[in-house]
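K.L.:
Number of protein chains: 2
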Amino acid sequence: MRLTITDIAKKAKVSKSTVSRVLNNSGYVHRETREKIEQVIKENTYYPSATARNLSKKESNTIGVIIPEADNEFFGEILTGISEVVDEHNMTLIFCDTSNRFLKEERALDMMNMQRVKGLILTPVNDHSDSETEKKLKQKLRDSKIPIVLLDRGVKNSQWDGVFFENYQSAYSATEILIKEGHKKIGIITGDLKLKIGQDRYKGYLNAMEDYKMEIMDKYIYEGNFSVEKAYELSKQFIESKDLPDAILTCNNRTSLGLIKALMEYNIILGKDISAIGIDNNKVLDILGYNFSYVARDAVEMGRVAMRRLLERFEDPDKQRVEYIMPFKIYLKGSEKKKP
Amino acid sequence: MRLTITDIAKKAKVSKSTVSRVLNNSGYVHRETREKIEQVIKENTYYPSATARNLSKKESNTIGVIIPEADNEFFGEILTGISEVVDEHNMTLIFCDTSNRFLKEERALDMMNMQRVKGLILTPVNDHSDSETEKKLKQKLRDSKIPIVLLDRGVKNSQWDGVFFENYQSAYSATEILIKEGHKKIGIITGDLKLKIGQDRYKGYLNAMEDYKMEIMDKYIYEGNFSVEKAYELSKQFIESKDLPDAILTCNNRTSLGLIKALMEYNIILGKDISAIGIDNNKVLDILGYNFSYVARDAVEMGRVAMRRLLERFEDPDKQRVEYIMPFKIYLKGSEKKKP
DNA sequence: GTGAAAGCGCTAACAG
DNA sequence: CTGTTAGCGCTTTCAC
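These protein sequences, in sequence, are chains A and B.
Throughout the first sequence, residue numbering follows the UniProt record's numbering, covering 1 to 340 in sequence.
Throughout the second sequence, residue numbering follows the UniProt record's numbering, covering 1 to 340 in sequence.
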């Protein structure tokens with residue numbers, strides 16, 4: 001059986017309270033007593049029970065993290081960032097992957113409540129959806145009564161802190177670059193337009209086009225869903241139609257891959273036969289020195305920021321909610337260029 | 001304040017024990033009483049405290065997972081697999097990322113002990129090292145007295161269950177393919193030879209070469225460390241030396257990228273000017289339809305298997321230790337071919 | 001079927 | 001400086 005504080009107390013010939021004092025470094029303990037106790041603890045490799053401690057203190061040092069897919073570079077990096085800060089503060093991280101399913105999200109939230117996590121970082125499966133789903137989610141978040149930071153995706157009229165990416169502006173800027181390069185027929189492969197991140201990026205494109213008095217042509221607007229497959233299919237379609245746009249904006253890393261794959265198959269050269277900028281970086285393309293221009297965000301930092309926000313919120317629970325918008329950088333590699 | 005079982009009991013006009021019975025679905029409870037209690041629970045969105053429950057039951061439903069880097073496709077997939085099974089069994093997952101630092105690994109283990117996790121899945125920072133480090137690790141694992149599954153990397157004379165990749169055989173088979181293709185000067189960019197996974201893959205190469213009476217030439221053996229940078233540097237070196245091997249084996253996904261990057265820069269065509277097979281798949285290369293042949297493993301499945309092993313171990317703590325070796329598949333895409 | 005009481009391992013007043 | 005005591009919120013006998 002595992003040792004308890006009582007065992008240690010007996011072995012050290014003191015009371016539990018004294019052991020507790022040295023464990024928590026609280027109150028005064030005679031130097032010799034302390035050393036004796038520390039020795040006993042070490043000799044017996046005693047680990048105080050976080051369970052008992054939490055129950056007694058009526059609080060935990062546990063942070064809950066709920067994300068939709070760990071096997072996605074982006075969320076892997078997010079997790080790394082969160083974990084880093086959690087670790088710096090000697091806290092414990094409880095992790096849940098929802099596989100992008102709302103049912104799992106609900107169960108994850110229940111679990112976090114039962115575990116009495118001190119705070120929660122959540123990327124909801126849905127993003128500003130109008131549905132029943134969002135109502136349920138918000139109710140659950142309210143019920144849980146703990147500090148929550150929404151990450152990457154949010155809810156309407158949120159009452160919680162959030163850390164988001166500058167979706168609108170990044171798409172606007174990328175489009176702007178294509179316009180200034182002198183392209184006329186500028187197209188877009190959108191993301192999932194049911195998600196706010198998808199809509200915002202699309203709006204960024206549209207507004208840039210309007211602001212610069214460019215003609216928006218429906219036939220160059222391809223509605224995707226953030227997946228490689230859909231983007232690939234759409235790209236193949238427009239390639240086969242022989243009516244290619246001059247330049248194209250892709251709305252996330254997977255969309256970019258779908259486009260690139262299609263272009264490769266048809267031997268269409270980026271930066272020569274067609275131009276493009278993508279949102280999101282693609283580590284591997286980058287390593288290989290592929291000339292694809294992109295809007296990058298720092299996911300690890302996003303994780304760190306979210307966790308730091310949570311820590312601040314613990315200090316000041318009643319302060320007004322804060323929303324962080326993570327900046328972006330655009331890396332131009334040549335694919336945005338107009339053919340000579 | 002949060003509601004407790006006592007609050008629910010009062011509201012339902014019964015005793016705590018009865019509420020506990022319906023919560024745990026244990027013992028007999030009159031139907032009407034049960035329904036009444038369930039209603040009260042629902043109306044008040046009461047979540048029983050896992051902390052109190054664990055303390056009382058003297059056991060938890062929590063699994064600890066310690067991995068070296070979540071922002072690595074491979075470990076992201078591992079985590080996904082583990083999480084999937086944890087979820088199926090309504091357990092809770094506590095996660096730690098060690099950033100490949102042993103100091104963090106030690107602290108993570110302490111934390112898991114304090115959290116009283118029921119079982120642990122661990123990918124140690126080091127792999128079969130001879131050092132003090134490994135002694136310390138093994139001592140800590142023994143002290144923790146809980147079921148442990150070692151994942152991807154192990155320790156010498158392990159007493160714990162393990163799930164590993166078939167490192168030796170996969171390298172052997174890949175080399176064999178290159179040999180049978182008719183290549184003569186077959187080289188290798190090794191991984192980190194301080195890690196057993198690095199050594200095993202290297203041995204697989206050497207033994208295949210010996211078995212087929214191929215000449216092993218030192219100048220074609222490039223010692224890498226599993227990183228893109230090192231592999232890139234080594235590749236550049238041998239390219240500039242003008243003394244290229246006919247074919248080359250790369251020992252992990254990053255090593256492959258380093259090689260490919262260098263080849264691209266020098267305009268050396270895979271499957272034509274030089275041949276290659278790599279260990280590990282590279283999702284992006286695959287998506288793009290790049291003709292790089294590789295040995296693939298299913299990381300998500302590895303995670304699932306590890307977690308299932310843990311569950312079995314709970315059932316039968318004294319059974320002899322089990323070691324799973326995950327199978328591999330080789331996908332030939334043309335890069336292994338000999339030039340015509 | 002249900003309730004009362006003891007106890008899980010720890011912390012936190014309160015005495016002394 | 002140290003020990004005693006009373007919980008924390010739940011489960012689990014043991015009576016009734």
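Where is the CB? At the ideal position from N, CA and C, for every residue including glycine.
These numbers were taken from a predicted model, which means no experiment stands behind them.
With DSSP run on the structure shown, which of helix, strand or coil describes A:V14?
P.N.:
Mapped onto the first sequence, residue 14 of chain A falls at position 14. Coil, per DSSP.
K.L.:
Is DSSP giving A:L93 helix, strand or coil here?
P.N.:
Counting from one through the first sequence, the residue named residue 93 of chain A turns up at place 93. The three-state reading of DSSP puts A:L93 in strand, counting E and B together.
K.L.:
What is the C-beta distance between B:H128 and B:V155, in whole angstroms, given that I count them as a contact (C-beta under 8 Å)?
P.N.:
Numbered from its first residue, the second sequence carries residue 128 of chain B at position 128. Numbered from its first residue, the second sequence carries residue 155 of chain B at position 155. Rounded, the Cβ-Cβ distance is 6 Å, consistent with contact.
K.L.:
Please report the straight-line C-alpha distance between A:E38 and B:A50, rounded to a whole angstrom.
P.N.:
To locate residue 38 of chain A, count along the first sequence from 1; it is residue 38. To locate residue 50 of chain B, count along the second sequence from 1; it is residue 50. The alpha-carbon atoms of A:E38 and B:A50 are separated by roughly 30 Å.
K.L.:
If you draw a straight line from the alpha carbon of A:T45 to that of B:S144, how long is it in whole angstroms?
P.N.:
Along the first sequence, one-based indexing puts residue 45 of chain A at 45. Along the second sequence, one-based indexing puts residue 144 of chain B at 144. In this structure, the CA atom of A:T45 is about 9 Å from the CA atom of B:S144.
K.L.:
Any beta-carbon of chain B closer than 8 Å to the one on A:Y47?
P.N.:
As a first step, residue 47 of chain A is located in the first sequence; it is residue number 47 there, counting from the start. At least one chain B Cβ lies under 8 Å of A:Y47.
K.L.:
Can you give me the Cβ contacts of B:N291 inside the same chain, cut-off strictly under 8 Å, excluding the 5 residues immediately before and after it?
P.N.:
Residue numbering aside, residue 291 of chain B sits at position 291 when the second sequence is read from its first letter. Result list for B:N291: L270, G271, K333, G334 and S335, in chain order.
K.L.:
According to DSSP, is A:V40 part of a helix, a strand, or is it coil?
P.N.:
Here residue 40 of chain A corresponds to residue number 40 of the first sequence, with the count starting at 1. Note: A:V40 maps to helix in three-state DSSP.
K.L.:
Taking A:N167 as the query, report the chain B residues whose CB atoms sit under 9 Å from its CB, ordered along the chain.
P.N.:
The residue you call residue 167 of chain A lines up with position 167 of the first sequence. Under the 9 Å cutoff, chain B gives no residues; its nearest Cβ is about 22 Å from A:N167.
K.L.:
Note down, in chain order, every chain B residue with its Cβ under 7 Å from the Cβ of A:N225.
P.N.:
Working through the first sequence from its first residue, we reach residue 225 of chain A at position 225. Within 7 Å Cβ-Cβ: nothing; A:N225 doesn't reach chain B, min ~16 Å.
K.L.:
If distances are taken between C-alpha atoms only, which option among B:I268, B:M217 and B:K213 comes closest to B:I189?
P.N.:
Translated into positions along the second sequence, residue 189 of chain B becomes position 189. For B:I189, the nearest C-alpha among the options comes from B:M217.
K.L.:
Hey, is B:I66's beta-carbon within less than 8 Å of any beta-carbon in chain A?
P.N.:
Sequence index remark: in the second sequence, residue 66 of chain B carries index 66 (1-based). False, the Cβ-Cβ gap to chain A never drops below 8 Å.
K.L.:
Skipping 5 residues on each side, what residues in its chain have a beta carbon closer than 6 Å to that of B:G162?
P.N.:
On the second sequence, residue 162 of chain B is found 162 positions in, with the first residue counted as 1. Result list for B:G162: L150, G154 and E323, in chain order.
K.L.:
Curious, which full-length beta strand (DSSP E) runs of at least 3 residues does the region 232-261 of chain B contain?
P.N.:
247-250
K.L.:
Along chain A, which residues have their Cβ under 7 Å away from the Cβ of B:A52?
P.N.:
Translated into positions along the second sequence, residue 52 of chain B becomes position 52. Correct list: L55.
K.L.:
Over what stretch of residues does the alpha helix (DSSP H) that includes B:L206 continue unbroken?
P.N.:
The residue given as residue 206 of chain B occupies position 206 in the second sequence. Segment K196 to D211, the alpha helix (DSSP H) holding B:L206.
K.L.:
Restricting to Cα atoms, I'd like to know which of B:V284, B:D318, B:S293 and B:I325 is closest to B:E301.
P.N.:
As a position in the second sequence, residue 301 of chain B is number 301, starting the count at 1. That would be B:I325, whose Cα lies nearest to the Cα of B:E301.
K.L.:
Per DSSP, A:G162 forms a beta bridge with which residues?
P.N.:
For the purposes of this step, residue 162 of chain A is identified with residue 162 of the first sequence, where counting begins at 1. DSSP output for A:G162 lists A:L150 and A:E323 as bridge partner(s).
K.L.:
Would you call A:P327 buried or exposed, if buried means 16 or more other Cβ atoms sit within 10 Å of its Cβ?
P.N.:
Taking the first residue of the first sequence as 1, we reach residue 327 of chain A at position 327. It counts as exposed.
K.L.:
Can you tell me whether DSSP reads B:V65 as helix, strand or coil?
P.N.:
Stepping through the second sequence from its first residue, residue 65 of chain B is reached at position 65. Note: B:V65 maps to strand in three-state DSSP.
K.L.:
Which bits of chain B does A:T92 rub up against, with CB to CB less than 8 Å?
P.N.:
The count along the first sequence starts at 1 and reaches residue 92 of chain A at position 92. Contact annotation for A:T92 against chain B: I94, M111 and Q115 [CB-CB distance below 8 Å, chain order].
K.L.:
Counting only C-beta atoms, is A:S60 closer than 8 Å to chain B at any point?
P.N.:
Taking the first residue of the first sequence as 1, we reach residue 60 of chain A at position 60. Yes - at least one Cβ of chain B is within 8 Å of the one on A:S60.
K.L.:
In chain order, what residues of the region 254-266 of chain B put their CB closer than 9 Å to some CB of chain A?
P.N.:
R254, L257, G258, I260, K261, M264 and E265
K.L.:
Does DSSP classify residue 392 of chain A as helix, strand or coil?
P.N.:
In the structure as shown, chain A starts at 1 and stops at 340, and residue 392 of chain A therefore has no counterpart that could be examined.
K.L.:
Three-state secondary structure (DSSP) at B:K81?
P.N.:
If you number the second sequence from 1, residue 81 of chain B lands on position 81. According to the sequence shown, residue 81 of chain B is Gly rather than Lys. In the structure shown, B:G81 sits in a helix (DSSP, three-state: H, G or I).
K.L.:
Starting from the C-beta of A:M1, find all residues in its chain whose C-beta is less than 6 Å away, skip the five residues before and the five after it, and write them out in chain order.
P.N.:
On the first sequence, position 1 is the one that residue 1 of chain A refers to. Contacts found: none.
K.L.:
Helix, strand or coil, according to DSSP, for B:S293 in the structure here?
P.N.:
One-based indexing of the second sequence puts residue 293 of chain B at position 293. Three-state result, B:S293: strand.
K.L.:
Is the Cβ of B:V70 closer than 8 Å to any Cβ of chain A?
P.N.:
Within the second sequence, numbered from 1, the residue matching residue 70 of chain B stands at position 70. Contrary to the premise, residue 70 of chain B reads as Ala rather than Val in this sequence. Interface residue, yes.
K.L.:
Kindly indicate if chain B contains any beta-carbon less than 8 Å away from that of A:E132.
P.N.:
Within the first sequence, residue 132 of chain A is the residue found at index 132, counting from 1. No - not a single Cβ of chain B is within 8 Å of the one on A:E132.
K.L.:
A:I188 lies in the beta strand (DSSP E); which residues open and close that run?
P.N.:
By 1-based counting over the first sequence, the position of residue 188 of chain A is 188. A:I188 -> beta strand (DSSP E) spans I186 to I189.
K.L.:
In three-state DSSP terms, what is B:I216?
P.N.:
Counted from its first residue, the second sequence places residue 216 of chain B at position 216. The answer is coil: DSSP assigns B:I216 none of H, G, I, E or B.
K.L.:
The region 272-285 of chain B: which residues have C-beta closer than 9 Å to a C-beta of chain A, in chain order?
P.N.:
Under the 9 Å Cβ criterion, the region 272-285 of chain B contributes N282, K283, V284 and L285.
K.L.:
Counting C-beta neighbours from all protein chains within 10 Å, is the total for A:P68 16 or more, i.e. buried, or is it exposed?
P.N.:
As a working mapping, residue 68 of chain A is identified with position 68 in the first sequence. When all chains shown are included, A:P68 counts as buried.
K.L.:
Could you have a look at A:S56 and say whether DSSP puts it in helix, strand or coil?
P.N.:
On the first sequence, residue 56 of chain A is found 56 positions in, with the first residue counted as 1. Helix at A:S56.
K.L.:
Using a cut-off of 8 Å between C-beta atoms, extract the partners of B:L234 located in chain A.
P.N.:
Here residue 234 of chain B refers to the residue found at position 234 of the second sequence. Within 8 Å Cβ-Cβ: nothing; B:L234 doesn't reach chain A, min ~15 Å.
K.L.:
State yes or no: is the C-beta of B:K84 within less than 8 Å of the C-beta of B:R254?
P.N.:
Numbered from its first residue, the second sequence carries residue 84 of chain B at position 84. Numbered from its first residue, the second sequence carries residue 254 of chain B at position 254. Contrary to the premise, residue 84 of chain B reads as Glu rather than Lys in this sequence. Not a contact, by the Cβ cut-off of 8 Å.
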